[in-house]
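FYI, in our numbering the residues of the sequence shown are 1160 to 1403.
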Amino acid sequence: MINRLKFKFFSKKHIPMDKMNLILTVPVYADFTEFANEDCIEGFRLNTTIKVDNPLEDILATAKARAEGKDVWIDLKGRQLRIKDYLVQIKKDEEVHYIELSHKIKLNLPAEMYLDDGNFSGTITNIIEGSKIIVKSSIERKLGLPLPAQGEIGIRPGMSINIPNASLEIEGNLTDRDKEYIDAALKNDMHKYFASYVEKETDITNILELDKEAIIGAKIESKKGFDFVENVYLKYKDKVQLIL
């Protein structure tokens, strides 16, 4: 399924909302050629969370051809927390949920976490080796966390997780997969990226170090992101467009 998303860009040249076109979010392997000639379509955002087998260089070359000259934005996950692996252990009187994250974190515990657009929440009780969080619930589900047993809502690698706690610190930003996509983009002379959860100057400079021609759509998705807008954005306004 192809989802239509509208982003408002804030750059040195303001575009009124009633003049905005659409940027379509499409799977990296989708054939979206039929949309390329639509006047309302400004460009395409490639959903890079989907696992693919073909070489990324070939996939991006195909996407570029299908866009027929319109912008193709490659979505970089950056410091956005995602599930790397998941397991639930059912004991006599409790369930223990182990969620391995895409990044190592530092966090004051206990702390609330949310999955599935906030429909499911839990309290993190422990962190192992920086990247594996543990949540517990009673086997009767009358106490503790309303997290479901494995498979009940399809908890799976790639799902995003939100921890709205001011003490949260995420180590690093670009993932190995992000870097692979940037390398493949360079080979295809593609230089436009969306960057998730931009919060620090390094979230921009790390991309520019790999692609000096990069144009970055910085997604502002947290309070720290607004601090970036206030304190850092103007330094990179020629390279960065804000997405709120």
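No residue lacks a Cβ here, since even glycine has one placed at the ideal position from N, Cα and C.
Secondary-structure assignment with DSSP links A1344 through no beta bridge to anything.
In the structure shown, D1252 adopts coil according to DSSP, grouped into three states. Counted as a single uninterrupted DSSP element, the beta strand (DSSP E) harbouring F1353 occupies residues K1351 to A1354. Per DSSP, N1206 lies in no alpha helix (DSSP H) segment; the continuous beta strand (DSSP E) that holds it begins and ends at I1200 to N1206. Within the region 1359 to 1395, the complete alpha helix (DSSP H) segments at least 4 residues long are 1361 to 1369 and 1382 to 1390, listed from N- to C-terminus.
In the DSSP assignment, N1321 is bridged to Y1273.
Scanning L1403, A1344 and E1380 for the CA closest to the CA of I1374 turns up A1344. Taking 8 angstroms as the upper bound for CB-CB distance, G1237 and S1355 are in contact here, some 5 angstroms apart.
Note on geometry: alpha-carbon atoms of C1199 and I1209 lie some 26 angstroms from one another.
Between the alpha carbons of L1333 and S1261 lies a gap of roughly 10 angstroms.
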